[in-house]
């Protein structure tokens, strides 16, 4: 089998990768809907792929892996890797999790970081109402994650929140605000945590997406202040989302200063850039995204290494879309016991649920997702239903 073409079309806001073969099989991969600008970067790899056997996933990846980088550009390489595994599974007639060593769990646990409504404000009562709404959803999520501090509007809506410079709107996701947090800002965040925990109790767990952008002393002080609330984790306080570096030394000082679990990793590309973070036990939880880290196999390698160092795994996935859900389900079915849950992804538009073939009507029940048993990643796109969402330049995407 040989690859005959690599295609990419932006459907809604998601760049969708389609690898085409000479035997009629195709594979699909999906990029987060926050990155529609990556289509040209995906297509940059066409010449490298044509003529290769897509079932030799690692051989193909060796040709393109070095051309990726930290979030967002690693997403192009990652989506291609997903499409290769999709073909490999279809060619073998088995779901991808079988090719990764087989399942260790029959259902996969997920948490809610993406299914949300527009919050009415940034006051404690607004946060309380928000988690109450999440708590009552039919998916029965065991845990919800809420953005605070620099990962929320607090920096704009809470007067005197911090002493740093607030970035003007950049026109893209990922601009970094940072600075020393004021006493007023600190107390406001703490009040929001208290309000949410009063609603959630011990029935639904709470994690906080915090940044990045904190200064280390503030991060230590806040992590200690919330210890009694038994949060699942504090995420990306120092570096993280769209920050193209890691600071393991600072994270280790934060982690060893508190019993509150510290989490990071969604922006990191490749296992090599997790090495020091894991081997120095700089955090308690890592959250690589299979759509950013270099792919499905990359996430599995990282998880195994983390397991040997007693570090927990909670993969990121908030904007990965419904095809991205297939990748998450397949790889997380195979992960060792340090796996907690993956972040259930959303799509850019509600009509995506009418395009994706292979999902049950109710995907999440009691915070669990069933494995996908169809060959490959288990999902496909209804080409006829999707054509009306294609741009003119992508008219031949499904041909």
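In our numbering, the protein residues as written are 6 to 404.
A virtual CB, placed ideally from N, CA and C, is assigned to each residue, including glycine.
Predicted model, so just to flag it, every value in this text is computed and none were measured.
Span of the alpha helix (DSSP H), counted from its first residue to its last, around residue 66:
Residue 66: member of the alpha helix (DSSP H) spanning 62-69, first to last residue.
Span of the beta strand (DSSP E) around residue 47:
It is not in any beta strand (DSSP E) - residue 47 instead sits in the alpha helix (DSSP H) that spans 44-48.
Would residue 36 pass as a contact of residue 200 if the rule is Cβ separation under 8 angstroms?
No; because the gap between Cβ atoms is not below 8 angstroms, this pair is not in contact.
Taking the alpha carbon of residue 71 as the reference point, which residue from 60, 83 and 61 has its own alpha carbon closest?
If we check each option's Cα against that of residue 71, 83 comes out closest.
Residue 338 - DSSP class collapsed to helix/strand/coil
In this structure, DSSP gives residue 338 a state outside helix and strand, which the three-state scheme calls coil.
Residues that residue 240 bridges to, as DSSP identifies them
Beta-bridge pairing links residue 240 to 214 and 268.
Going along the chain, which residues of its own chain have a beta-carbon closer than 7 angstroms to the beta-carbon of residue 111, five neighbours each way excluded?
Excluding residues within five positions, the ones whose Cβ falls inside 7 angstroms are 376.
Hey, could you find the ends of the alpha helix (DSSP H) residue 220 is sitting in?
Residue 220: not part of any alpha helix (DSSP H); DSSP gives it neither H nor E.
I'd like the span of the alpha helix (DSSP H) that includes residue 89, first residue to last.
In this chain, the alpha helix (DSSP H) harbouring residue 89 covers 79-97.
So what's residue 396 in DSSP terms, helix, strand or just coil?
If DSSP states are grouped into helix, strand and coil, residue 396 belongs with coil.
My parser needs the alpha helix (DSSP H) runs of 4 or more residues fully inside the stretch 307-365; what are they?
Counting only runs of 4 or more, we get 326-337.
Report all residues from its chain with a CB closer than 7 angstroms to the CB of residue 56; omit the five preceding and five following residues, and keep chain order.
In the same chain as residue 56, and ignoring 5 residues on each side of it, the C-beta atoms closer than 7 angstroms to its own belong to 7 and 8, in chain order.
Quick one: using the 10 Å Cβ neighbour count with 16 as the cut-off for buried, is residue 189 buried or exposed?
With fewer than 16 Cβ atoms within 10 Å of its Cβ, residue 189 is classed as exposed.
Would you check whether the ligand SAH has a heavy atom nearer than 7 angstroms to the C-beta of residue 237?
This structure lacks the ligand SAH, and indeed carries no ligand of any kind.
Can you tell me whether residue 183 is buried or exposed? The criterion is at least 16 other CB atoms within 10 Å of its CB, across all chains shown.
The C-beta of residue 183 has 16 or more other C-beta atoms within 10 Å across all chains shown, which makes the residue buried.
I need the DSSP call for residue 114, collapsed to helix, strand or coil.
Correct three-state label for residue 114: strand.
Tell me whether the stretch 326-340 and the stretch 301-312 touch, counting them as touching only if at least three CB pairs, one residue from each stretch, are closer than 8 angstroms.
A contact between stretches requires three or more CB pairs, one per stretch, nearer than 8 angstroms, and the stretch 326-340 meets this requirement with the stretch 301-312.
What span of residues does the alpha helix (DSSP H) with residue 389 cover, start to end?
For residue 389, the enclosing alpha helix (DSSP H) has its first and last residue at 388-391.
Decide if the stretch 120-137 is in contact with the stretch 146-159; the criterion is three or more beta carbon pairs, one per stretch, under 8 angstroms apart.
With the cut-off at 8 angstroms, the stretch 120-137 and the stretch 146-159 touch.
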